[in-house]
Structures are given as structure tokens and as C-alpha cells.
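Trainee: Mind looking over this structure? Questions follow.
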Amino acid sequence: MNLWETMTGSDLTRDWKAFEARAEVLPAEYREAWEKIKGHLFPYGDLSGRNLMPILDGALGLLEETAAEGQGIHDVLGDDIAGFCAALAGGEGARSYRDRWREQLNRNVARKLARLGG
Numbered sequence: 408m409n410l411w412e413t414m415t416g417s418d419l420t421r422d423w424k425a426f427e428a429r430a431e432v433l434p435a436e437y438r439e440a441w442e443k444i445k446g447h448l449f450p451y452g453d454l455s456g457r458n459l460m461p462i463l464d465g466a467l468g469l470l471e472e473t474a475a476e477g478q479g480i481h482d483v484l485g486d487d488i489a490g491f492c493a494a495l496a497g498g499e500g501a502r503s504y505r506d507r508w509r510e511q512l513n514r515n516v517a518r519k520l521a522r523l524g525g
């Protein structure tokens, strides 16, 4: 990856299109699960989403392998896709972008209040 790709995000666009092409050949129930996985993982992403690319690649690989083996989606993921995604992102309690922004806001407010107070 070169600097230009990093700055413009074209590498992410290319990878994303490849993910979607791979997901398009999956059976319908697997494509539905893929859409849910993406939706549940996005809150764990950073600003660019670059940190999620390996996680999404691994999740899609799992779906591809199990679809090829003929397993049902519920046998693979169970009924708790949100829990599955939380485990992929670092377990229950993993920090989402909202948590990081909240912490940053609290630090900034505390710093301003400290300046005003004394």
C-alpha cells in the first residue's frame, strides 16, 4: 500500500468491492448473515474502518468455508450474531467509536474546567 492509497482510501474501496463480490456468490442465508455482521461490526471501527478489514476478511472467509461444506448458518453463527461480532471485535465490552469519542470529550471538558477553576 502506498501513501496515495492510504490518503484517498482507494485501497479500502478496492478491498470492500472484493468482499462484496465474494459475498455475492454465497447462498441467500449467508448473504443475510454477512449484512448483519457488517452492521454489527461497524461500531467497532475507527474513523476509516481500516482496523475492521482483517476482521471482515476472516468473517467472510468463515462464511465461505462453511457454505462450501454445506453447513447451515445457524450451525455456524447461532442466533446471536451481535455476540459473535462483539467477540470478533475483542469481546464483550470492546470499545466502540462512541466510547472513544466520549472519553475524548470528557478529557477535553475536564481540561477546560481545570483551566477555568484555577
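Reading the sequence shown from the start, the letters are residues 408 to 525 in this note's numbering. We put the CB at the ideal spot given by N, CA and C, even for glycine.
Give me the Cα-Cα distance between Lys424 and Leu512, rounded to the nearest whole angstrom.
Mentor: Within the sequence shown, the letter at position 17 stands for residue 424. Within the sequence shown, the letter at position 105 stands for residue 512. Taking the straight line joining both Cα atoms gives about 34 Å.
Trainee: Do Leu448 and Leu463 have their C-beta atoms closer together than 9 Å?
Mentor: The sequence position of residue 448 within the sequence shown is 41, counting from 1. The sequence position of residue 463 within the sequence shown is 56, counting from 1. Yes.
Trainee: Count the other CB atoms, across all protein chains shown, that sit within 10 Å of the CB of Leu470; report buried if there are 16 or more and exposed otherwise.
Mentor: Position 63 of the sequence shown, counting from 1, holds the residue named residue 470. By the neighbour-count rule (16 or more Cβ atoms within 10 Å), Leu470 is buried.
Trainee: Can you give, in chain order, each stretch of the alpha helix (DSSP H) that sits fully within the region 450 to 481 and has at least 4 residues?
Mentor: With a minimum length of 4 residues, the continuous alpha helix (DSSP H) runs that stay inside the region 450 to 481 are 460 to 476.
Trainee: Which value, in whole angstroms, describes the spacing of the CA atoms of Ala474 and Glu431?
Mentor: Against the sequence shown, residue 474 aligns to sequence position 67. Against the sequence shown, residue 431 aligns to sequence position 24. Looking at the two C-alpha atoms, the distance is approximately 12 Å.
Trainee: Out of Gly446, Tyr437, Leu523 and Met460, which has the shortest C-alpha to C-alpha gap to Leu484?
Mentor: Here the question's residue 484 lines up with position 77 in the sequence shown. Out of Gly446, Tyr437, Leu523 and Met460, Tyr437 has the C-alpha closest to the C-alpha of Leu484.
Trainee: Out of Thr413, Arg518 and Phe491, which one is the CA nearest neighbour of Ala440?
Mentor: Here the question's residue 440 lines up with position 33 in the sequence shown. Selected option, being the one with the closest Cα: Phe491.
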